[in-house]
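Top line first, the protein sequences correspond to chains W and P. With the first letter of the first sequence counted as 1, position 155 gets the number 156 in our numbering; the numbers rise by one all the way through. With the first letter of the second sequence counted as 1, position 227 gets the number 229 in our numbering; the numbers rise by one all the way through. Working notes, beginning with the structure itself.
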Amino acid sequence: MKVGVLSVQGAFAEMEAYWRGKGAEVFEIRQPADLDHGMDLLALPGGESTVQGKLLKDLGLFAPLKQAIDGGLPVFATCAGLILLAERIDDPGRHGDETRPERWFGSLPVAVRRNAYGRQLGSFTTVGNFDGRSGMTMTFIRAPAITAVLSPEIETLSTFNGAPTAVRWRNITAFTWHPELAPPTGAATAKMV
Amino acid sequence: MSNRQELNRNLAQMLKGGVIMDVTTPEQAKIAEAAGACAVMALERIPADIRAAGGVSRMSDPAMIKGIQNAVSIPVMAKCRIGHIAEARILEAIEIDYIDESEVLSPADDTRHIDKTKFDVPFVCGARDLGEALRRIGEGATMIRTKGEPGTGDVVQAVRHMRKMQSEIRRVVSLREDELYEAAKELAAPLDLVKYVHANGKLPVVNFAAGGVATPADAALMMELGAEGVFVGSGIFKSGDPAKRAAAIVQAVTNWQDSKLLAKLSENLGPAMVGINAEEIETIMEERGK
């Protein structure tokens with residue numbers, strides 16, 4: 002399997018290692034020419050969504066990637082990647098501020114709130130169920146929360162305090178936490194997509 | 003290592019491939035965020051102005067820092083003086099995302115740094131070589147940056163420190179295991195961290211470049227030399243067109259290997275900060291805190 006990892010900013014090296022660990026062939030996406038490799042899956046790593054979103058547009062990656070995502074290319078997204086995919090961003094008090102787009106790809110029918118657990122002191126790990134398996138370590142770093150599910154087709158894969166923290170919808174699997182940061186032993190492997 | 007330390011290292015991992023910009027007002031913070039900064043450093047005076055003003059330089063007013071926290075969604079960092087436990091506690095109390103225990107401010111303790119393992123909030127510290135970096139990590143720093151020479155616009159010291167750190171890492175990797183004890187003694191660094199470097203060929207935490215980066219080419223140079231991202235202090239808001247320069251430096255860090263793009267990014271940026279040569283300055287900040 003060939004995995005393209007969006008590598009404009011953030012924890013792309015960790016995402017690459019995660020997919021290499023599953024035996025995938027991995028390449029980095031930093032500019033449109035990189036898309037010529039062709040891929041079976043697009044991985045959107047953690048990082049800062051405002052930075053990644055701006056670079057996607059500045060570097061000319063936004064339109065071709067949106068077309069691929071909406072065309073059914075499998076996508077695996079964590080944290081900032083989920084924010085880039087969300088149909089709606091629900092940050093309180095942010096509307097009408099043109100420096101903060103209310104969405105980027107808008108391809109996944111969920112609403113998210115950035116930094117929903119507060120600043121870095123609110124970052125945490127928890128152990129819970131993921132997609133029918135127990136004992137998964139889930140790391141939340143200045144994480145967003147899914148505040149609303151906007152389609153009945155959305156499948157919830159994990160929850161925290163009752164709210165979804167990982168979802169699957171058609172070709173997209175997206176996490177508010179970081180499976181790529183979990184320790185290699187007992188990590189979420191096989192069958193994640 | 004505590005879970006909190008691990009989470010704090012993880013936040014630094016999320017900042018990689020990014021640019022952290024010094025800002026002094028909420029307006030500057032918004033410009034930086036819109037230009038693609040992955041975090042901002044909130045401070046009352048940027049290093050170039052600290053140099054110009056002279057005198058004792060301290061932690062910024064918490065009200066000013068809070069104003070910046072409210073203006074942006076990206077992480078907000080702030081500086082405390084080296085060894086100033088109380089300033090660090092104050093910054094922790096206002097829930098800063100990262101504390102920079104920084105040589106840019108006047109040191110509060112001329113021999114000891116803060117025991118950062120006693121804090122929940124993360125710390126980044128400056129280092130000029132591998133020994134300094136590992137001592138700071140031993141004290142609990144979860145992110146390292148080269149010191150460079152802040153507020154000069156002269157990249158020479160950042161280059162020296164990054165090259166030195168990387169060549170010392172390569173040397174530690176090349177040693178036999180039974181030579182690591184002597185290496186730890188020479189580096190004046192904790193043995194377990196020297197062993198980590200030997201086994202992994204890198205620091206156990208993220209390593210950014212800082213101190214003197216003023217142009218997209220400077221940023222690309224530091225990435226070439228092994229930085230995982232850059233801090234730009236005075237270089238942006240002391241230049242002619244901060245928004246344009248900031249955005250260009252952000253793109254240069256992502257695509258530092260693409261020289262055609264770097265050429266385009268370097269065009270028509272207006273005047274860079276005037277800068278002073280590192281050897282012309284009187285206050286040598288990099289000498290603070292070893």
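Ideal placement from N, C-alpha and C gives every residue a C-beta, glycine not left out.
inquiry  = Taking 9 angstroms as the threshold (beta carbon to beta carbon), is P:E8 in contact with chain W?
reply    = Taking the first residue of the second sequence as position 1, residue 8 of chain P is located at position 6. For P:E8, the answer is yes, since a Cβ of chain W falls inside 9 angstroms of its Cβ.
task = Please report how far the alpha carbon of P:F210 lies from the alpha carbon of W:T160, in whole angstroms.
result = Working through the second sequence from its first residue, we reach residue 210 of chain P at position 208. Working through the first sequence from its first residue, we reach residue 160 of chain W at position 159. For P:F210 and W:T160, the distance between alpha carbons rounds to 35 angstroms.
Continuous beta strand (DSSP E) assignments of at least 3 residues falling wholly in the stretch 152–232 of chain P = Within the stretch 152–232 of chain P, the beta strand (DSSP E) runs of at least 3 residues that lie entirely inside it are, in chain order, 208–210.
Secondary structure, beta strand (DSSP E): runs of 3+ residues fully inside the stretch 82–163 of chain W = The stretch 82–163 of chain W contains these whole beta strand (DSSP E) runs: 87–90, 109–114, 125–131, 134–141, 146–150 and 156–161.
query = Which two residues bound the contiguous beta strand (DSSP E) that contains P:K81?
reply = Against the second sequence, residue 81 of chain P aligns to sequence position 79. For P:K81, the enclosing beta strand (DSSP E) begins and ends at V78 to R83.
key: chain P contacts made by the stretch 4–35 of chain W, where a contact means CB separation under 8 angstroms   = Taking a C-beta cut-off of 8 angstroms against chain P, the contacting residues of the stretch 4–35 of chain W are S8, V9, Q10, G11, A12, F13, A14, E15, R31 and Q32, listed in chain order.
message = Does P:V319 pass the burial test, meaning 16 or more other C-beta atoms within 10 Å, or should it be called exposed?
response = Here chain P covers residues 3 to 292 and nothing more, so residue 319 of chain P does not appear.
ask   = Which residue comes first and which comes last in the alpha helix (DSSP H) that contains W:T79?
value = The sequence position of residue 79 of chain W within the first sequence is 78, counting from 1. Counting along the chain, no alpha helix (DSSP H) covers W:T79; the unbroken beta strand (DSSP E) around it starts and ends at V76 to T79.
task = Would you grab the beta carbon distance between P:A80 and P:I101 for me? Rounded to a whole angstrom, and I think it's under 8 angstroms.
result = Working through the second sequence from its first residue, we reach residue 80 of chain P at position 78. Working through the second sequence from its first residue, we reach residue 101 of chain P at position 99. That belief holds up - the Cβ atoms of P:A80 and P:I101 are roughly 7 angstroms apart, short of 8 angstroms.
ask   = Along the stretch 252–270 of chain P, what residues have a CB closer than 9 angstroms to any CB found in chain W?
value = Listed by position along the chain: V252, Q253, V255, T256, N257, Q259, D260 and L263.
task = Mind listing, in chain order, the continuous alpha helix (DSSP H) runs of no fewer than 4 residues lying wholly within the stretch 10–95 of chain P?
result = Every alpha helix (DSSP H) stretch that sits fully inside the stretch 10–95 of chain P and reaches 4 residues is listed by chain position as 28–37, 49–55, 64–73 and 87–95.
query = Going straight from the alpha carbon of P:K266 to that of P:T27, what length do you get?
reply = The residue you call residue 266 of chain P lines up with position 264 of the second sequence. The residue you call residue 27 of chain P lines up with position 25 of the second sequence. Here the C-alpha atom of P:K266 lies approximately 30 angstroms from the C-alpha atom of P:T27.
query = Do the CB positions of P:P77 and P:D99 come within less than 9 angstroms of each other?
reply = Stepping through the second sequence from its first residue, residue 77 of chain P is reached at position 75. Stepping through the second sequence from its first residue, residue 99 of chain P is reached at position 97. For P:P77 and P:D99, yes; Cβs fall inside 9 angstroms.
message = Using C-beta distances below 7 angstroms, list every residue in its chain close to P:D220, excluding the 5 sequence neighbours before and after it, in chain order.
response = For the purposes of this step, residue 220 of chain P is taken as residue 218 along the second sequence, with counting starting at 1. Listed in chain order, the non-local C-beta contacts of P:D220 below 7 angstroms within the same chain comprise V157, local neighbours out to five positions each way being set aside.
task = Within 10 angstroms of the Cβ of P:V58, are there 16 or more other Cβ atoms? Answer buried if so, exposed if not.
result = What you label residue 58 of chain P is simply residue 56 of the second sequence in a count that begins at 1. Flag for P:V58 reads exposed.
Cβ of W:H38 within 9 angstroms of any chain P Cβ = Position 37 of the first sequence, counting from 1, holds the residue named residue 38 of chain W. For W:H38, the answer is no, since every Cβ of chain P falls outside 9 angstroms of its Cβ.
key: Cβ shell of P:R290 (< 7 angstroms), same chain only, five flanking positions each side left out   = What you label residue 290 of chain P is simply residue 288 of the second sequence in a count that begins at 1. The beta carbon of P:R290 sits closer than 7 angstroms to those of I84, E105 and P109, all from its chain and outside the five residues before and after it, given in chain order.
query = What is the DSSP secondary structure of W:G54, counted as helix, strand or coil?
reply = In the first sequence, the residue the question calls residue 54 of chain W occupies position 53. When DSSP states are grouped into helix, strand and coil, W:G54 belongs to the helix group.
Integer-rounded CB distance, given that P:L13 should sit under 8 angstroms from W:R143 = What you label residue 143 of chain W is simply residue 142 of the first sequence in a count that begins at 1. What you label residue 13 of chain P is simply residue 11 of the second sequence in a count that begins at 1. Yes, they are in contact, since the Cβ atoms of W:R143 and P:L13 sit about 7 angstroms apart, within 8 angstroms.
ask   = Who are the near neighbours of W:F13 in its chain, counting only those whose CB is closer than 6 angstroms to its CB and skipping five residues on each side?
value = Here residue 13 of chain W is taken as the residue at index 12 of the first sequence, counted from 1. Once the five neighbours on either side are set aside, the close Cβ partners of W:F13 are V6 and P46.
ask   = Mapping DSSP to helix, strand and coil, what is W:P165?
value = Locating residue 165 of chain W in the first sequence gives position 164, where the first residue counts as 1. The answer is strand: DSSP assigns W:P165 an E or B state.
task = Compare the C-beta of W:T140 with all C-beta atoms of chain P and state if any pair is closer than 9 angstroms.
result = The residue labelled residue 140 of chain W in the question sits at position 139 within the first sequence. Yes - at least one Cβ of chain P is within 9 angstroms of the one on W:T140.
message = Using only the alpha-carbon positions, how far apart do P:A186 and P:V196 sit?
response = Translated into the one-based positions of the second sequence, residue 186 of chain P becomes position 184. Translated into the one-based positions of the second sequence, residue 196 of chain P becomes position 194. Taking the straight line joining both Cα atoms gives about 6 angstroms.
message = Please list, in chain order, the residues of the stretch 52–64 of chain W that have any C-beta partner in chain P closer than 8 angstroms.
response = Taking a C-beta cut-off of 8 angstroms against chain P, the contacting residues of the stretch 52–64 of chain W are V52, K55, L56, D59 and L60, listed in chain order.
message = Using the three-state DSSP reduction, which class does P:V252 fall into: helix, strand or coil?
response = In the second sequence, counting from the first residue as 1, residue 252 of chain P sits at position 250. It is helical.
inquiry  = Among the candidates W:A149, W:P153 and W:T174, whose CA atom is the shortest distance from the CA of W:D92?
reply    = Counted from its first residue, the first sequence places residue 92 of chain W at position 91. Comparing alpha carbon positions, the residue from W:A149, W:P153 and W:T174 closest to W:D92 is W:A149.
inquiry  = Using DSSP's beta-bridge definition, name the partner residues of W:W170.
reply    = Working through the first sequence from its first residue, we reach residue 170 of chain W at position 169. Secondary-structure assignment with DSSP links W:W170 through a beta bridge to W:I173.
inquiry  = Assuming W:D71 is part of the alpha helix (DSSP H), what are its boundary residues?
reply    = For the purposes of this step, residue 71 of chain W is taken as residue 70 along the first sequence, with counting starting at 1. First-last of the alpha helix (DSSP H) with W:D71: F63 to D71.
message = Give me the subset of the stretch 108–128 of chain P whose CB atoms are less than 9 angstroms from a CB atom of chain W, sorted by chain position.
response = Cβ contacts with chain W come from D122, V123 and P124.
ask   = Nearest to W:P33 by alpha carbon, out of W:G22, W:E15, W:R114 and W:L56?
value = Here residue 33 of chain W corresponds to residue number 32 of the first sequence, with the count starting at 1. When only C-alpha atoms are compared, the closest one is W:L56.
ask   = Alpha carbon to alpha carbon, what distance is there between P:H86 and W:K3?
value = Position 2 of the first sequence, counting from 1, holds the residue named residue 3 of chain W. Position 84 of the second sequence, counting from 1, holds the residue named residue 86 of chain P. Going by the C-alpha atoms only, they are around 50 angstroms apart.
query = If we cut at 9 angstroms on Cβ distances, does P:V215 have a partner in chain W?
reply = Reading the second sequence from its first residue, position 213 is the one you call residue 215 of chain P. Not one chain W Cβ lies under 9 angstroms of P:V215.
query = Counting Cβ pairs, one atom from each stretch, are 3 or more of them under 8 angstroms apart for the stretch 18–28 of chain W and the stretch 51–71 of chain W?
reply = Contact between the stretch 18–28 of chain W and the stretch 51–71 of chain W is absent, because fewer than three Cβ pairs lie under 8 angstroms.
ask   = What whole-angstrom Cβ distance do P:T148 and P:A212 have, given they're in contact under 8 angstroms?
value = One-based indexing of the second sequence puts residue 148 of chain P at position 146. One-based indexing of the second sequence puts residue 212 of chain P at position 210. Taking the Cβ atoms as the reference, P:T148 lies roughly 6 angstroms from P:A212, within the contact range of under 8 angstroms.
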